[in-house]
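Here's the structure we're looking at; comments come further down.
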Amino acid sequence: MKIHFVCVGNVYRSRFAEAYARSKNTDHDFSSSGIQAGPHQPYGPISWWGARLAYNHSVANYLSAAWTATTQELLSNNDIVVFVHPNVEHMAKNMFDVSGIDYRVWNVEDIYHMDHSDMDTLIQKLDFSDKTGKYITQQVDSLLKTL
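My numbering applies: residue 1 is where the sequence shown begins, and numbers increase by one.
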């Protein structure tokens, strides 16, 4: 079975979900993409908090090498698509034809809304990423149990 995770930039939530799912060594294929992924992103191939999360969960070796932009083909050629947040689902529906696609919608908040200009905010961002990481691992584990 092919499962595809979609977020906005493919530098944090969907990439971590993909890496974590790959680490489970199942017979399924996992991939990820971002609705707005592209070279304009200020975070490079992966955000530092995404890299930290992957390292802390021992899944850094399962990370894809770079972001991938979401396409109609990616959405259509997977058995299950997971939009990591309702906003991502909404964006996808505005950009692509998702009719006939078996998809799930999670509620993984994004970290972009948080500034990291001072130490208190940086600590909040670390705590926030730890909480979203825990949520993502729980969601992936639940999804895998249903397959």
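Glycine residues also receive a C-beta, built at the ideal position from the N, C-alpha and C atoms.
Since the structure is predicted, the reported quantities are computational estimates derived from the model, not experimental observations.
If you look at residue 62, you'll find it isn't in any beta strand (DSSP E); DSSP assigns it neither H nor E.
At a Cβ-Cβ threshold of 8 Å, residue 86 and residue 98 do not count as neighbours.
Distance from the Cα of residue 7 is smallest, within the candidate group 81, 130, 51, for 81.
Per the coordinates, the alpha-carbon of residue 136 lies some 7 Å from the alpha-carbon of residue 108.
With respect to the 8 Å criterion, residue 32 and residue 68 are classified as neighbours on the basis of their beta carbons. Membership of residue 55 in any beta strand (DSSP E) is not indicated; the residue belongs instead to the alpha helix (DSSP H) covering 48–56.
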